[in-house]
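Student: Residue numbers (numbering that gives the first Met the number 0): 0 to 349. Ideal placement from N, C-alpha and C gives every residue a C-beta, glycine not left out.
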Amino acid sequence: MSPNNEHPTSSNTHHVTARQSYALRAEKATHPLTSYLLRLMTLKSSNLCLSADVSTANQLLSLANSLGPAIVVLKTHYDLISNWDYNPSTGTAARLARIARRHGFLIFEDRKFGDIGNTVQLQYTEGTARIVEWANITNVNMVPGKAAVDALAEAGRKWRERKRYELNVGLSADRQRERDGRKASIVSITTVSQHFEPANSPRSGGEDFGEEVLRGIEEAPLERGLLILAQMSSKGNFMNKEYTDACVESARENSDFVMGFIAQESLNRQEDDQFLCMTPGCQLPPAEDEDAEVKGDGKGQQYNTPQKLIGQMGADIIIVGRGIIKAADPIIEAERYRQKGWEAYEERIA
Ligand code: S5P
Numbered sequence: 000m001s002p003n004n005e006h007p008t009s010s011n012t013h014h015v016t017a018r019q020s021y022a023l024r025a026e027k028a029t030h031p032l033t034s035y036l037l038r039l040m041t042l043k044s045s046n047l048c049l050s051a052d053v054s055t056a057n058q059l060l061s062l063a064n065s066l067g068p069a070i071v072v073l074k075t076h077y078d079l080i081s082n083w084d085y086n087p088s089t090g091t092a093a094r095l096a097r098i099a100r101r102h103g104f105l106i107f108e109d110r111k112f113g114d115i116g117n118t119v120q121l122q123y124t125e126g127t128a129r130i131v132e133w134a135n136i137t138n139v140n141m142v143p144g145k146a147a148v149d150a151l152a153e154a155g156r157k158w159r160e161r162k163r164y165e166l167n168v169g170l171s172a173d174r175q176r177e178r179d180g181r182k183a184s185i186v187s188i189t190t191v192s193q194h195f196e197p198a199n200s201p202r203s204g205g206e207d208f209g210e211e212v213l214r215g216i217e218e219a220p221l222e223r224g225l226l227i228l229a230q231m232s233s234k235g236n237f238m239n240k241e242y243t244d245a246c247v248e249s250a251r252e253n254s255d256f257v258m259g260f261i262a263q264e265s266l267n268r269q270e271d272d273q274f275l276c277m278t279p280g281c282q283l284p285p286a287e288d289e290d291a292e293v294k295g296d297g298k299g300q301q302y303n304t305p306q307k308l309i310g311q312m313g314a315d316i317i318i319v320g321r322g323i324i325k326a327a328d329p330i331i332e333a334e335r336y337r338q339k340g341w342e343a344y345e346e347r348i349a
């Protein structure tokens, strides 16, 4: 493979999706989670994903709480958190899911699975973290081949079927108990797995968050989604055009599970492609010098502005980490990124 270390520079907004509103795309999307995310973006006027690269659970939860109103996706690297609590009902993921429902954002575990099919299935569904249980979205590095995507798609489908079955069994057992005048208190696999669900849901064990749930949208659908790492922001990376094209092919083959890509430009090419493009490597110049050039981080990361990524490259969601979390006031900075990202989108579709 020859390296593709140059960022795409030309405009990439010729595909029909680049001119459509997120609301229209929500109606057309076939993946339920993509459709939900596009509606959430419309509701919150936000195309911002926070990359919450912090090292303790408290920092993560507190960022989620304070920046939640500005974002539509929160991206985790759970293995960066030194004290991640794996308890399914009271642990870090369960608490994050409650905050996600309160503010309305999806959880994206940036796991970059990259192994043979069998191993990625196990890493996704088993082990300590059981990522499939709490992350609405995850991603794959397709270097091992398309089988990694096929295997994750299969695991995602199986999980959803099992979950649906458990929920149905749980609901009918509850109804039966109600008819018998008994309290719904048995401990079953259903009640255990229900704890992973977002708050205030018939699926979440009946916890009532009242006013604390984001109004105007229901909770996220049960479906899980995958993003394929099709292009990277880092200098000198080896993801060449041939690799990127294979990622797009694989996405088309698994469009009931693949929501889109982590990429530096929209990869929608065929008329009916409806993939999302989520783009890291995004920073703004300082507020007091908006014409300044954005530089890399000195460790290979390259940055572009929301205007370039959304306005010219056709990205749908900007992923921002240090630009926000290292700012003097992350709440103000998140709002600045939200505004810039949204303005770039509005100009694009105008
Ligand atoms: O190409 C990529 C893909 C990803 S997922 N480049 C990236 O930087 N990322 C992730 O985005 C990276 O792992 C990190 O979590 C985030 C960027 O963080 P920032 O602090 O540079 O904004």
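1) Beta-carbon within less than 8 Å of M258's beta-carbon, same chain only, minus the 5 sequence neighbours each way: which residues are those?
2) Measuring from the CB of L266, is there a heavy atom of the ligand FMN at a distance below 8 Å?
3) What is the rounded straight-line gap between the Cα of P305 and the Cα of A93?
4) Any heavy atom of the ligand S5P inside 8 Å of the beta-carbon of V71?
5) Classify D179 as helix, strand or coil using the three-state DSSP reduction.
6) Which whole-angstrom value is the C-beta distance of E108 and T75, which I expect to be below 8 Å?
7) So, is A219 buried or exposed, given that buried needs 16 or more other C-beta atoms within 10 angstroms?
8) Would you call L151 buried or exposed, if buried means 16 or more other Cβ atoms sit within 10 Å of its Cβ?
9) Just the C-alpha distance for G215 and R101, rounded to the nearest angstrom, thanks.
10) Evaluate S192 with the Cβ neighbour count: other Cβ atoms within 10 Å of its Cβ, from every protein chain shown; 16 or more gives buried, anything less gives exposed.
11) What are the start and end residues of the beta strand (DSSP E) that includes V212?
12) Is the beta carbon of R321 less than 9 Å from the beta carbon of D52?
13) Assign S187 to one of two classes, buried (16 or more other C-beta atoms within 10 Å of its C-beta) or exposed (fewer than that).
14) Does the Cβ of I331 have 16 or more other Cβ atoms within 10 Å, making it buried, or fewer, making it exposed?
15) Which residues in the same chain as A90 place their Cβ atom closer than 6 Å to its Cβ, once the five residues preceding and following it in sequence are excluded?
16) Around the Cβ of N57, are there at least 16 other Cβ atoms within 10 angstroms (buried) or fewer (exposed)?
17) At a cut-off of 8 Å, would you count N138 as near the ligand S5P, judging by its Cβ distance to the nearest heavy atom?
18) Roughly how many angstroms separate the alpha carbons of R347 and D149, rounded to a whole number?
19) Applying the 10 Å Cβ sphere with the 16-neighbour rule, what's the burial state of I115?
20) Return the chain-ordered list of same chain residues with a C-beta closer than 8 Å to the C-beta of A245, the five sequence neighbours on each side being excluded.
21) Pull up the distance between the alpha-carbon of F256 and that of G155, whole angstroms please.
22) Would you please state the rounded distance, in angstroms, between the beta carbons of I368 and L66? I believe it to be under 8 Å.
23) Does the distance from the C-beta atom of Y242 to that of A229 stay below 9 Å?
Tutor: Concretely, from the data shown:
1) These residues qualify, in order along the chain: H30, L32, T33, L36, I136, G224, L225, L226, F274, L275.
2) By its list of ligands, the structure shown excludes the ligand FMN, since it contains just the ligand S5P.
3) Distance between the alpha carbons of P305 and A93: 31 Å.
4) False, no ligand heavy atom lies under 8 Å from that Cβ.
5) Residue state, collapsed to three classes: helix.
6) Beta-carbon to beta-carbon, E108 and T75 are separated by about 5 Å, close enough to satisfy the 8 Å threshold.
7) A219 comes out buried.
8) By the 16-neighbour rule on beta-carbons within 10 angstroms, L151 is buried.
9) About 12 Å.
10) Caution applies to S192, whose pLDDT of 40 falls short of 50 and renders its modelled position unreliable; the model cannot decide the point.
11) Where V212 is concerned, there is no enclosing beta strand (DSSP E), given that its DSSP letter is neither H nor E.
12) Between R321 and D52, the gap from beta carbon to beta carbon is short of 9 Å.
13) Confidence is the limiting factor: at S187 the pLDDT is only 35, short of 50, which leaves the residue's position unreliable and the question unanswerable from this model.
14) Classification of I331: exposed, given that the 10 Å Cβ count is below 16.
15) For the sequence presented, residue 90 should be read as Gly rather than Ala. Only D84 meet the Cβ criterion.
16) Label assigned to N57: exposed.
17) N138 Cβ: within cutoff of the ligand S5P.
18) Cα-Cα distance, rounded: 34 Å.
19) Counting Cβ neighbours within 10 Å, I115 comes out exposed, since fewer than 16 surround it.
20) For A245, the CB contacts under 8 Å within the same chain, skipping 5 residues up- and downstream, are M141, K145 in chain order.
21) Between F256 and G155, the C-alpha separation is close to 7 Å.
22) The question about residue 368 has no answer, for the chain in this structure spans 0 to 349.
23) For Y242 and A229, yes; Cβs fall inside 9 Å.
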